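Following: one structure in structure tokens, then a few remarks.
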Amino acid sequence: MPQEPDRNPNDARPDPGAPDIPPLHVRDLTVRFSGLTALDAVGFTVRPGTVHALIGPNGAGKSTCFNVLSGVYRATAGSVRFGEHELTGMSAHRIAGLGVARIFQNLALPPRDTVEDCLMLGRHRLTSAGFLAAGLRLPAAAREERRHRERVREIAAFVGIEHQLASPAGSLPYGQQKLAELARALCMEPRLLLLDEPVAGMTARERARTAGVIAGVRDSLGISIVLVEHDMGVVMRLADAVTVLDFGRLIADGTPDDVQNDPAVVRAYLGEGAAS
Numbered sequence: 285m286p287q288e289p290d291r292n293p294n295d296a297r298p299d300p301g302a303p304d305i306p307p308l309h310v311r312d313l314t315v316r317f318s319g320l321t322a323l324d325a326v327g328f329t330v331r332p333g334t335v336h337a338l339i340g341p342n343g344a345g346k347s348t349c350f351n352v353l354s355g356v357y358r359a360t361a362g363s364v365r366f367g368e369h370e371l372t373g374m375s376a377h378r379i380a381g382l383g384v385a386r387i388f389q390n391l392a393l394p395p396r397d398t399v400e401d402c403l404m405l406g407r408h409r410l411t412s413a414g415f416l417a418a419g420l421r422l423p424a425a426a427r428e429e430r431r432h433r434e435r436v437r438e439i440a441a442f443v444g445i446e447h448q449l450a451s452p453a454g455s456l457p458y459g460q461q462k463l464a465e466l467a468r469a470l471c472m473e474p475r476l477l478l479l480d481e482p483v484a485g486m487t488a489r490e491r492a493r494t495a496g497v498i499a500g501v502r503d504s505l506g507i508s509i510v511l512v513e514h515d516m517g518v519v520m521r522l523a524d525a526v527t528v529l530d531f532g533r534l535i536a537d538g539t540p541d542d543v544q545n546d547p548a549v550v551r552a553y554l555g556e557g558a559a560s
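Position one of the sequence shown corresponds to residue 285 (the working numbering), numbered consecutively onward.
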């Protein structure tokens, strides 16, 4: 079976509509569960249109941080501001409505639905026609659906799955299913993407392809990205800035090169004697 050629995401660039991307400011974020401190006064800033990696050993607090950013958990203390909006205390639905989209590590596509229908789910919050108008196939609803499906095709081409739109999502290879998850998030027209281990479980070729698409999301669409990822090669390739957590505390924050050579980071990953 011939291999697919590498793609440049810019070859099928959807029009982002010049989104207004605000910074994300996390300040003194603290989360406690029954006396256990999962996050301890963590703070960082995600600049607009950048990839900001959040890394650390297992149990460092990365998933807890993502759960607060997306509204799954409520912070015990601290602040998360996305532009003029304070996210702490908001529901996940309201946060999504502000243009924050999250992709989980595990696949969540309905396996029997076509890829196109899965991507159309991402357009739901952008739909103005009501269920009754859509069900009766009123002209305005039909026109709106055509516009949404055209946008879905553009985004599918951007991530390189345009030839899979009619296929059941569960029939795609794992790497392409992950790209379909990314495409569905892009169909929400987000301003901030939260990517939870987007290349976990992929082959080397799939990792390279997915990293290229993520870079295209930043470079072509200007969308801000917060990335949790254990593959340090992908982090070093993609990240503009890196925040490192260990046991719920921030131990380093800076450029990839600075963080990679930080003794505290080396100790966290390799043990106490590694940085001496």
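We treat Cβ as the ideally placed atom computed from N, Cα and C, and that holds for glycine. Please read all numbers here as calculations on a predicted model, not as lab measurements.
- Taking each of 355, 367, 329 in turn and checking the Cα distance to residue 385, the smallest one comes out for 355.
- Residue environment for residue 342: exposed (fewer than 16 other C-beta atoms within 10 angstroms of its C-beta).
- In the structure shown, residue 452 falls within a strand segment according to DSSP collapsed to helix, strand and coil.
- Between the alpha carbons of residue 465 and residue 394 lies a gap of roughly 11 Å.
- Spatial neighbours of residue 449 in its own chain (CB-CB distance under 6 Å, excluding positions within 5 residues in sequence) are listed in chain order as 399, 400, 440.
- Around the CB of residue 487, fewer than 16 other CB atoms lie within 10 Å, so the residue is classed as exposed.
- Look at residue 531 here: in three-state DSSP terms it is coil, with no helix or strand label.
- Taking one beta carbon from each stretch, the segment 522-539 and the segment 319-331 have 3 or more pairs nearer than 8 Å; the two touch.
- In the three-state reduction of the DSSP assignment, residue 378 falls in the helix class.
- Residue state for residue 339 is assigned as strand, using DSSP reduced to three classes.
- In this structure, residue 369 sits away from residue 510, with a CB-CB distance that is not shorter than 8 Å.
- DSSP places residue 384 in the strand class (E or B) of the three-state scheme.
- Remark: C-beta atoms of residue 522 and residue 548 do not approach each other more closely than 8 Å.
- For the pair residue 483 and residue 467, the CB atoms are not nearer than the 8 Å cut-off.
- Around the C-beta of residue 457, fewer than 16 other C-beta atoms lie within 10 Å, and the residue is accordingly described as exposed.
- For the options 348, 307, 332, the alpha carbon positioned closest to that of residue 316 is the one of 348.
- For the pair residue 367 and residue 508, the CB atoms are not nearer than the 8 Å cut-off.
- Looking only at 535, 524, 391, the smallest Cα-Cα distance to residue 455 is reached by 391.
- Straight-line spacing of the CA atoms in residue 320 and residue 533 works out to 13 Å.
- Sixteen is the threshold: since fewer than 16 other Cβ atoms of the shown chains lie within 10 Å of the Cβ of residue 312, the residue is exposed.
- CA-to-CA, the gap between residue 388 and residue 426 works out to about 32 Å.
- The Cβ atoms of residue 344 and residue 314 lie no closer than 8 Å to each other.
- Around the beta-carbon of residue 480, 16 or more other beta-carbon atoms lie within 10 Å, marking it buried.
- Per the coordinates, the alpha-carbon of residue 495 lies some 11 Å from the alpha-carbon of residue 459.
- The alpha-carbon of residue 473 is positioned some 33 Å away from that of residue 535.
- Residue 364 and residue 397 have their C-alpha atoms spaced approximately 36 Å apart.
- Look at residue 391 here: in three-state DSSP terms it is coil, with no helix or strand label.
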